[in-house]
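Only one structure is covered here, and it is reproduced in the block below.
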Amino acid sequence: MASNESQANSYELTLRTVYIITFIFVITVVVIGNFVICFTIATHRRLWNYTNIMLFNYGVATTVRVLTAGLLNFLSAWEMSNQWPFGLGLCQFSQSIGIVTVLVSAYSLVCMSYARNRIITYSLLPPPNLGHCFVSIAIIWCASFAFAAPYMAHIQVLYYNYTFNGALIEIPYCLQNWDRTAIAYYFLATSIVALIAPLICITYFNIRMALSLRPAKEIKNSRKKKSDHLKQQMKKMLVIIVVVFFITYFPYMIFLNLLNFNAIKTNSNSGMYLIRLVLGQATYTCSAFNVLICYRFNPHFRRAFRNFLCGLCESDAGRHLKSTISFSTSNNSQYERRRRKSRLNSSNGIKISSPDIKDINGSKITYV
């Protein structure tokens, strides 16, 4: 009996340690990664286009989730034994914001794919402007909150009576007061709307882009080659961002659906609970590494990010980076001047001579 109790305490300690370590790592990576990408986009007007503003919206959604639902649930679970002293409003918000943010993130990626498809496939048409972008963002957020409203309405703060040192006390808990079957079908519908439908749309847009970017047999125009290469890089960037999002969210949503339909069972002392914990923490990180992806594939973001770093640090490394950039620029300009001069001197059949200039008496002036 004592051995079983000792094993249970050891498992609970391990679970607590894993949760604390993963949460600290996740919240650090998410906040820093999303802050960098959002700040870089916000402070460089060159990056203010439809795709980048949607990427900004994607980062904001993930940050809001981890700083509200993640932080409050962490405090409730491990500091107050699942008690909820934060009130009904935060209870409903923290439990339903995950549904809102997954919808916002998924349809932000759909809008990004649509914008890239329009730019690449219909290059003669004007791209979506910032007005279209802000309207799309407002529609996405409003529709996401409307979709989460039924789930939010059934979340309540329930009070349970406990006896402590002979006194009867009421302890609040933030719980879902909804029929289990209804919850199961609601999460199934959420999986379809938030993951499967966006995946179909994004796949369609990427197929259209791939067909439009098929390499021609011979492209003599170097400007055309450069433009197509940039489009390919932007398409790769978008594909990697989308793949990271679905890799982090699909396993967690599948696990929740299996749990809601009683295909698997979990409690605080089972390995399934640890799996659920890890999968749930992984969904927070889906947008944290976008800064690395954009730096690798987006030259405009890379340039803006370097300027951001140079502006942050006035250290020797920052000054060395600036001097290196200016030195390479001056070398390139000197090389261009020498190349133009040699091309001019080697022109066939063209002789450049100074005109004869005579003085007032008609004598030719000779320059020494």
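Residue numbers (this note's numbering): 844 to 1211. Yeah, the Cβ is synthetic: ideal placement off N, Cα and C, and Gly gets one too.
So, with DSSP's three-state summary, where would you put residue i?
{"i": "Ala1106", "result": "coil"}
{"i": "Pro971", "result": "coil"}
{"i": "Asn1004", "result": "strand"}
{"i": "Phe1170", "result": "At Phe1170 the pLDDT is 49, less than 50, meaning the model places this residue with poor confidence and gives no usable figure here."}
{"i": "Ala1131", "result": "coil"}
{"i": "Leu1117", "result": "helix"}
{"i": "Leu1101", "result": "helix"}
{"i": "Leu1056", "result": "coil"}
{"i": "Pro928", "result": "coil"}
{"i": "His1143", "result": "helix"}
{"i": "His1072", "result": "helix"}
{"i": "Asn892", "result": "coil"}
{"i": "Ser948", "result": "helix"}
{"i": "Tyr1028", "result": "helix"}
{"i": "Tyr1095", "result": "helix"}
How many Å lie between residue i and residue j at the Cα?
{"i": "Leu1042", "j": "Thr1006", "result": "51 Å"}
{"i": "Asn1133", "j": "Leu1122", "result": "19 Å"}
{"i": "Trp891", "j": "Tyr901", "result": "15 Å"}
{"i": "Tyr1127", "j": "Ile1090", "result": "12 Å"}
{"i": "Ile1012", "j": "Gln999", "result": "19 Å"}
{"i": "Val1085", "j": "Val953", "result": "9 Å"}
{"i": "Thr1033", "j": "Gly1009", "result": "46 Å"}
{"i": "Met897", "j": "Arg1139", "result": "19 Å"}
{"i": "Arg1023", "j": "Tyr994", "result": "12 Å"}
{"i": "Val1082", "j": "Ser951", "result": "13 Å"}
{"i": "Ile1107", "j": "Asn877", "result": "34 Å"}
{"i": "Ser1070", "j": "Ser937", "result": "45 Å"}
{"i": "Ala904", "j": "Asn1049", "result": "24 Å"}
{"i": "Thr865", "j": "Ser966", "result": "45 Å"}
{"i": "Leu968", "j": "Arg961", "result": "8 Å"}
{"i": "Gly941", "j": "Val907", "result": "9 Å"}
{"i": "Ile863", "j": "Ala912", "result": "15 Å"}
{"i": "Ile1136", "j": "Pro1015", "result": "43 Å"}
{"i": "Val861", "j": "Gly1114", "result": "13 Å"}
{"i": "Ala1125", "j": "Thr886", "result": "29 Å"}
{"i": "Ile870", "j": "Val879", "result": "14 Å"}
{"i": "Gln1255", "j": "Val874", "result": "Residue 1255 lies beyond the range of the chain shown here (844 to 1211); nothing can be said about it."}
{"i": "Val1087", "j": "Thr1109", "result": "27 Å"}
{"i": "Leu973", "j": "Arg888", "result": "12 Å"}
{"i": "Thr857", "j": "Asn1020", "result": "31 Å"}
{"i": "Cys1129", "j": "His1072", "result": "27 Å"}
{"i": "Asn895", "j": "Cys1044", "result": "19 Å"}
{"i": "Ala1131", "j": "Ala1037", "result": "19 Å"}
{"i": "Met1080", "j": "Arg1057", "result": "17 Å"}
{"i": "Asn925", "j": "Leu918", "result": "8 Å"}
{"i": "Phe868", "j": "Phe977", "result": "32 Å"}
So, for residue i: in the same chain, excluding its five sequence neighbours on each side, which residues have a beta-carbon less than 7 Å away from its beta-carbon?
{"i": "Gly943", "result": "Gly is not the amino acid found at residue 943; the sequence shown has Val there. Closer than 7 Å at Cβ, skipping near neighbours: Ser987, Phe988, Ala991."}
{"i": "Leu1164", "result": "With a pLDDT of 47 at Leu1164, under the threshold of 50, the predicted position of this residue should be treated as unreliable, and no value is reported."}
{"i": "Ser939", "result": "Ala991, Tyr994, Met995, Ile998"}
{"i": "Leu1031", "result": "Asn1100"}
{"i": "Cys881", "result": "Phe899, Gly902, Val903"}
{"i": "His1143", "result": "Arg889, Leu890"}
When you compare each of the options to residue i by their alpha carbons, which one comes out closest?
{"i": "Asn1103", "options": "Lys1079, Ala1025, Cys934", "result": "Ala1025"}
{"i": "Ser1046", "options": "Ser939, Ala1147, Tyr1028, Ser956", "result": "The residue you asked about is not Ser; residue 1046 is Thr in the sequence shown. Selected option, being the one with the closest Cα: Ser956."}
{"i": "Val872", "options": "Val909, Thr894, Leu898", "result": "Val909"}
{"i": "Tyr1003", "options": "Ile1035, Pro993, Leu1018, Thr857", "result": "Leu1018"}
{"i": "Tyr1029", "options": "Gln935, His997, Ile870", "result": "His997"}
{"i": "Ala958", "options": "Tyr893, Tyr950, Arg1119", "result": "Tyr893"}
{"i": "Asn1141", "options": "Lys1074, Phe1088, Leu1099", "result": "Lys1074"}
{"i": "Leu1120", "options": "Met1096, Trp984, Leu973, Leu1135", "result": "Met1096"}
{"i": "Ile1118", "options": "Leu1101, Cys1137, Arg961, Phe1144", "result": "Leu1101"}
{"i": "Ala920", "options": "Trp984, Glu855, Val978, Phe868", "result": "Glu855"}
{"i": "Asn916", "options": "Thr906, Cys934, Phe899", "result": "Cys934"}
{"i": "Tyr1092", "options": "Ile983, Leu946, Leu858", "result": "Leu946"}
{"i": "Trp927", "options": "Leu1001, Asn1105, Ile1035, Thr1109", "result": "Leu1001"}
{"i": "Pro1215", "options": "Asn1020, Arg1057, Ile1039, Val869", "result": "Because residue 1215 is not part of the residues shown, which for the chain are 844 to 1211, the question remains open."}
{"i": "Ala1027", "options": "His887, Leu1099, Arg888", "result": "Leu1099"}
Enumerate in chain order the residues of its own chain whose CB-to-CB distance from residue i is below 8 Å, with the five nearest sequence positions on each side excluded.
{"i": "Ala1053", "result": "Lys1078"}
{"i": "His975", "result": "Tyr893"}
{"i": "Trp984", "result": "Val943, Val947"}
{"i": "Gly930", "result": "Val1000"}
Return yes when the C-beta of residue i is under 6 Å from any heavy atom of the ligand PLP, and no when it is not.
{"i": "Gly941", "result": "Within the structure as shown, the ligand PLP is missing, as the structure has no ligands at all."}
Skipping 5 residues on each side, what residues in its chain have a beta carbon closer than 6 Å to that of residue i?
{"i": "Pro1198", "result": "Legend: pLDDT at Pro1198 = 48, less than 50; position of this residue unreliable, value from coordinates given subsequently. Same-chain partners within the cutoff: there are none."}
{"i": "Ile963", "result": "Met1052, Ser1055, Lys1074"}
{"i": "Ser948", "result": "Tyr901, Ala904"}
{"i": "Ser979", "result": "Cys954"}
{"i": "Thr883", "result": "Ala1147, Phe1148, Phe1151"}
{"i": "Pro971", "result": "Tyr893, Ala958"}
{"i": "Ile982", "result": "none"}
{"i": "Arg1145", "result": "Tyr1138"}
To which residues does DSSP link residue i through a beta bridge?
{"i": "Ile1136", "result": "In the DSSP output, where bridge partners are listed per residue, Ile1136 has none listed."}
{"i": "Leu1018", "result": "Gln999"}
{"i": "Glu1013", "result": "Asn1004"}
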